[in-house]
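Notes for the one structure printed next.
Numbering (the working numbering), first residue to last: 174 to 479.
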């Protein structure tokens, strides 16, 4: 799970039974949520804290399908610590710059998974996550007199794990791309004696049919990264289980070669990037694998943008 979401949830939430009330009888009926959908909400709290977990769908949403067990969902969320006194904001993706990708596994408390299961894209649900949402071994260690309150705005459920469509030769001497099709991982080969380009190169391998990626959006991608000339793979989402990852683009949160090479790319595309050191990790390099003189080659599938 993303760090902010994991910190707000605690750990091991799936082992508890909790109280899954979707009716006004649950603790959620004590709370009042205001604010437009897809914007940071405000929550009004009563003085008495309810230490029983519950959830309530505020707006069911109409876009796509709801999240399924074991699948992924893209969502914005705002979390408060309900203690009846300060009721402090614990965190919000609206302050972090964009939604997060969450996997519906047992790390997500069951009470939240129930809310996700009933809410489609564009929808919002409210959930009180109390200590009864924790495994029995952790409940005794949970602070007394407080619960976590989640307001979750579901952005959507990813429908694909890879770019699909007719693949073409990127036409970059020294680099080869094999495209098996479907959700299978493509193969990137960078073993060559050709000199690396001195400037950023962005070549389309598969052209997507979606809207162009805009600066400031959060994009969902699959990628493989290798070093020009050596064929050394230094990072790959495909090699880590084939699950896409998400990050904000065009705002300096990734290397310059990604910001410059992926803004404007149609969603659904597979793009080959050759990134010189000054647009990568600079003279200092990165870790043990990437030296300050290395040209980086990425094959990136832009699966979705939010």
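For glycine and all other residues, C-beta sits at the position ideal for the given N, C-alpha and C. On a predicted model such as this, the values are computed, not experimentally measured, just so you know.
For residue 401, the three-state secondary structure derived from DSSP is coil. For residue 406, the uninterrupted beta strand (DSSP E) run begins and ends at 406-409, by DSSP. The segment 245-261 and the segment 372-387 do not touch, with fewer than three beta-carbon pairs separated by less than 8 Å. Taking residue 371 as reference, the option from 303, 284 and 448 with the minimal CA-CA separation is 448. Here DSSP, grouped into helix, strand and coil, assigns residue 342 to coil. Residue 309 sits in a helix when the DSSP states are folded into three classes. The bridge partners DSSP lists for residue 300 are 228 and 323.
Between the alpha carbons of residue 290 and residue 369 lies a gap of roughly 48 Å. Residue environment analysis places residue 286 among the buried positions, since at least 16 neighbouring C-beta atoms fall within 10 angstroms of its C-beta. Around the beta carbon of residue 283, 16 or more other beta carbons lie within 10 angstroms, which makes this residue buried. Residue environment analysis places residue 201 among the buried positions, since at least 16 neighbouring C-beta atoms fall within 10 angstroms of its C-beta. In chain order, 350, 376, 377, 378 and 445 place their CB closer than 8 Å to the CB of residue 343, counting only its own chain and leaving out the 5 sequence neighbours on each side. Residues 210, 296 and 297 of the same chain have their beta carbon placed closer than 7 Å to that of residue 232, with the five preceding and five following residues left out of the count.
Selection 249, 217 and 216 evaluated against residue 329 yields 249 as nearest (Cα-Cα). Cα atoms of residue 225 and residue 307: separation of roughly 11 Å, rounded to the nearest angstrom. Residue 275 has its alpha-carbon roughly 6 Å from the corresponding atom of residue 247. DSSP places residue 479 in the coil class of the three-state scheme, outside both helix and strand. Per the coordinates, the alpha-carbon of residue 459 lies some 24 Å from the alpha-carbon of residue 475. 241 is the residue among 316, 346 and 241 whose C-alpha sits nearest the C-alpha of residue 279. Note that the C-beta distance between residue 318 and residue 337 is not below 9 Å.
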